[in-house]
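Asks:
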Amino acid sequence: GAGVSQTPSNKVTEKGKYVELRCDPISGHTALYWYRQSLGQGPEFLIYFQGTGAADDSGLPNDRFFAVRPEGSVSTLKIQRTERGDSAVYLCASSPNRNQETQYFGPGTRLLVL
Amino acid sequence: AQSVTQPDIHITVSEGASLELRCNYSYGATPYLFWYVQSPGQGLQLLLKYFSGDTLVQGIKGFEAEFKRSQSSFNLRKPSVHWSDAAEYFCAVGRGGADGLTFGKGTHLIIQP
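These protein sequences, in sequence, are chains V and D. According to the working numbering, the first sequence is numbered sequentially starting from 1. According to the working numbering, the second sequence is numbered sequentially starting from 1001.
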């Protein structure tokens, strides 16, 4: 079956602009996660959804970052007033339910802020 | 808060030789432990996981890992590496439930012919 997909695969934007990154989880997976991976680092947790609600957004670095999952499937990570330090690969993962199941990762969106 | 340390940034191994990648974690309760592999241009792929029970866990691609509570370690091993094993390896810890994972900084594995 289809895995987690993320679009776009690459995004180049200018400092101060607004960007949206999309994640399509595996069909039927209720849990969805966003991570950020900077160069030479491991993924860093941002936010976790259970269904439509954000169950844990403790990893969002500041209020410029926001994510939604209005119908409990597709999720969008939104970054306002982008800064050069936001440049990273943004990873999305999904898992079947609220127990500690395997998280299946997408290929990521590489964001470059000029 | 939990944390993960992967002390080796790079490791070089000859093809056919054995491999051990180190992972130490910090967590107050019984951790949920994972090893993921990331190849260039690929997403993270789960190699194996430990939740409870037998402390020696088997994974895909011939990998295994051993949970040692007394040493707070979860080292990854493979008896004989193949050139296709060259990749970045990440150890991660979770709290259980469906919380986000905490990853180490990764170990870059280089395979010499």
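No residue lacks a Cβ here, since even glycine has one placed at the ideal position from N, Cα and C.
1) Select from the segment 1042–1073 of chain D all residues with a C-beta closer than 8 Å to any C-beta belonging to chain V, and list them in chain order.
2) Whose Cβ in chain D lies nearer than 9 Å to the Cβ of PHE105 (chain V)?
3) How is HIS1105 (chain D) classed by DSSP in three states: helix, strand or coil?
4) Are three or more beta carbon pairs between the segment 1065–1075 of chain D and the segment 97–111 of chain V nearer than 8 Å?
5) For VAL89 (chain V), which residues from the same chain have a beta carbon less than 6 Å from its beta carbon, with the 5 sequence-adjacent residues on both sides left out?
6) Throw me the rounded Cβ distance for the ALA1092 (chain D) and VAL1037 (chain D) pair, which I believe falls under 8 Å.
7) From PRO1040 (chain D) to LEU1109 (chain D), what does the alpha carbon distance come to, in whole angstroms?
8) For THR102 (chain V), go through chain D and note every residue whose CB falls closer than 7 Å to its CB, in chain order.
9) In the structure shown, what three-state DSSP assignment does ARG84 (chain V) receive?
10) Residues of chain V with CB under 7 Å from GLY1106 (chain D), in chain order?
11) Taking C-beta to C-beta, are LEU1021 (chain D) and LEU1076 (chain D) nearer than 8 Å?
Replies: The structure says:
1) Hits within the stretch, in order: GLN1042, GLY1043, LEU1044, GLN1045, LEU1046, LYS1049 and PHE1051.
2) Under the 9 Å cutoff, chain D gives TYR1036, GLN1038, GLY1043, LEU1044, GLN1045 and LEU1046.
3) Position check: residue 1105 (chain D) holds Lys in this sequence, whereas His was assumed. Looking at LYS1105 (chain D) - three-state DSSP - the assignment turns out to be coil, as it is neither helix nor strand.
4) Judged by Cβ distances under 8 Å, the segment 1065–1075 of chain D makes no contact with the segment 97–111 of chain V, as fewer than three pairs qualify.
5) Within the same chain, VAL89 (chain V) has close Cβ partners GLN37, GLY108 and ARG110.
6) Going by Cβ atoms, the distance from ALA1092 (chain D) to VAL1037 (chain D) rounds to 12 Å, so no, they are not a contact pair.
7) Going from the Cα of PRO1040 (chain D) to the Cα of LEU1109 (chain D) covers about 12 Å.
8) Simply LEU1046 and LYS1049.
9) Looking at ARG84 (chain V) - three-state DSSP - the assignment turns out to be helix.
10) The CB of GLY1106 (chain D) comes closer than 7 Å to the CB of GLY42 in chain V, given here in chain order.
11) Yes. Within cutoff.
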